[in-house]
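Worksheet: one structure, shown below.
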Amino acid sequence: MDERGADGELLMSRTVLVTGATGRVGGAVVDALVGGTGEDAADVQVRAAVRDPEYASLPEGVDTVAFDFARPETWGPALDGVDALFLMRPPSTGADEVVGFAEAADRVGVDRIVYLSVLGADRNRLIPHYRVERRLESLGADHTFLRAGQFMQNLADVHAPEIRERDELFVPAGDGRMSYVDARDVGAVGAAALVVDSPVPAAYEVTGAAALDHHEVARTLTDVLGRRIEYADPSPVAFVRRMRDRGLAWGMVGVMLTLYTSARFGLGARTGDGVERALGRPPRTLREFAEDHRDAWER
Ligand SMILES: NC(=O)c1ccc[n+]([C@@H]2O[C@H](COP(=O)([O-])OP(=O)(O)OC[C@H]3O[C@@H](n4cnc5c(N)ncnc54)[C@H](OP(=O)(O)O)[C@@H]3O)[C@@H](O)[C@H]2O)c1
Numbered sequence: 160m161d162e163r164g165a166d167g168e169l170l171m172s173r174t175v176l177v178t179g180a181t182g183r184v185g186g187a188v189v190d191a192l193v194g195g196t197g198e199d200a201a202d203v204q205v206r207a208a209v210r211d212p213e214y215a216s217l218p219e220g221v222d223t224v225a226f227d228f229a230r231p232e233t234w235g236p237a238l239d240g241v242d243a244l245f246l247m248r249p250p251s252t253g254a255d256e257v258v259g260f261a262e263a264a265d266r267v268g269v270d271r272i273v274y275l276s277v278l279g280a281d282r283n284r285l286i287p288h289y290r291v292e293r294r295l296e297s298l299g300a301d302h303t304f305l306r307a308g309q310f311m312q313n314l315a316d317v318h319a320p321e322i323r324e325r326d327e328l329f330v331p332a333g334d335g336r337m338s339y340v341d342a343r344d345v346g347a348v349g350a351a352a353l354v355v356d357s358p359v360p361a362a363y364e365v366t367g368a369a370a371l372d373h374h375e376v377a378r379t380l381t382d383v384l385g386r387r388i389e390y391a392d393p394s395p396v397a398f399v400r401r402m403r404d405r406g407l408a409w410g411m412v413g414v415m416l417t418l419y420t421s422a423r424f425g426l427g428a429r430t431g432d433g434v435e436r437a438l439g440r441p442p443r444t445l446r447e448f449a450e451d452h453r454d455a456w457e458r
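Position in the sequence shown (first residue = 1) + 159 = our numbering.
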């Protein structure tokens, strides 16, 4: 891997299983684990747990294994010989299935679990990540929680159609700030935690360096794209109607509305130092992210 933990040597000869490896953060974990070329790169065998290995596109050298949280018969083969696990909860998967899989991993001797959580999960009993975290704490395996802020990637996927077609940032967050983070940084912190040869912190708060309001986000997009992007700040009702018209599932719309409403009331602005602490460098900025993802918003 090209980004070593800031405070430790690398564990050698590890087999790491990555769930969600076709997704945003899991994909970044895989990229960071296979990215190293130096003499001191960790000797890591990366195994990607994917529902459909035939269609998964992964970097060379990565093994794939058929895996589904909803099909426990796939868990044993996926975990065979695994030392460390990157665990994420797909949006449609219940906390119990994720915990059940983590317990199976613990039973077969996986010694470290890095879990993709969300900022504030330690204090919010209403979100599934809270329950997953508490149950992972009771396992024998070493664990690290990546408590991540809002992914910048949301701007380049779920919010891209309005930006591309209407020059509009269609987000109902008022003047509230959010601690946006590039999912590539979250993945890099996860990769470092999986292979570093020293005790890992129980949790990293992984966010960008500063929380941003959506006037600032729209200004950055305007600068990078060279055309004016307006922050629309729709009402909650208008937001729900538009997202439903676009065919997004009620569950996803509800999660987004909750997050943006929390931000509107000042609850999304907390930042953490996880990137600096784990990687010894600052987090990527929104401008860097926007420059790298310009294509998502070009007409
Ligand atoms: N969005 C945000 O801003 C944000 C911020 C902080 C934390 N989070 C947390 O991040 C997590 C989502 O991570 P992400 O954005 O990297 O995911 P993602 O890009 O949405 O990808 C979802 C992944 O889950 C896999 N998957 C779906 N159903 C599965 C199943 N039944 N069994 C096995 N794998 C399955 C998919 O694989 P295939 O479809 O290829 O099989 C895919 O790799 C959530 O827990 C969310 O709460 C999100």
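From the three backbone atoms N, C-alpha and C, an ideal C-beta is built for every residue, glycine too.
Rounded C-alpha distance that separates residue i from residue j
i    : j    : result
A361 : Y274 : 10 Å
V396 : G410 : 15 Å
L217 : T181 : 8 Å
T381 : E262 : 47 Å
A254 : L246 : 12 Å
R458 : E232 : 45 Å
V193 : G349 : 13 Å
Y283 : G406 : According to the sequence displayed, residue 283 carries Asn and not Tyr. Rounded to whole angstroms, N283 to G406 spans 29 Å at the Cα level.
Y363 : L305 : 5 Å
T196 : D202 : In this predicted model, T196 has a pLDDT of only 47, less than 50, meaning its place in the structure is not dependable; the value taken from the coordinates is given anyway. If you take the alpha carbons of T196 and D202, they lie about 10 Å apart.
F226 : T366 : 29 Å
D372 : A428 : 9 Å
V258 : L176 : 16 Å
G220 : E389 : 43 Å
Q204 : H288 : 28 Å
G413 : E168 : 43 Å
Q312 : T444 : 12 Å
S394 : G268 : 50 Å
D344 : D270 : 23 Å
M337 : E375 : 11 Å
Y419 : L328 : 13 Å
D333 : Y214 : The identity of residue 333 in the sequence shown is Gly, whereas the question assumes Asp. Going by the C-alpha atoms only, they are around 40 Å apart.
S357 : A300 : 14 Å
L384 : V317 : 18 Å
M402 : I286 : 22 Å
E256 : W234 : 11 Å
D432 : R183 : 21 Å
T408 : E324 : According to the sequence as given, residue 408 is Ala; it is not Thr. Between A408 and E324, the C-alpha separation is close to 21 Å.
R210 : D281 : 29 Å
L298 : T417 : 31 Å
R206 : F260 : 16 Å
C-beta contact flag for residue i and residue j at 8 Å
i    : j    : result
A455 : A319 : yes
G335 : G425 : yes
I272 : H302 : yes
A191 : G346 : yes
A264 : L244 : yes
P442 : A391 : no
E228 : P331 : Residue identity differs from the one stated: residue 228 is Phe in this sequence, not Glu. No, the Cβ-Cβ distance between F228 and P331 is not below 8 Å.
D326 : R400 : no
R173 : D242 : yes
A351 : A422 : no
H452 : A315 : yes
A370 : T430 : yes
T379 : R446 : yes
F310 : V291 : no
A208 : V224 : yes
P249 : G179 : yes
V277 : A307 : yes
Counterpart residues of residue i in DSSP-defined beta bridges
i    : result
Y390 : L328
V340 : F310
T303 : V273
E364 : R306
F245 : V177, V273
L380 : According to DSSP, L380 bridges with nothing at all.
A207 : V177, T223
L371 : M337
Mind pulling the beta strand (DSSP E) runs of 3 or more residues that sit fully within the stretch 402-442?
-> none
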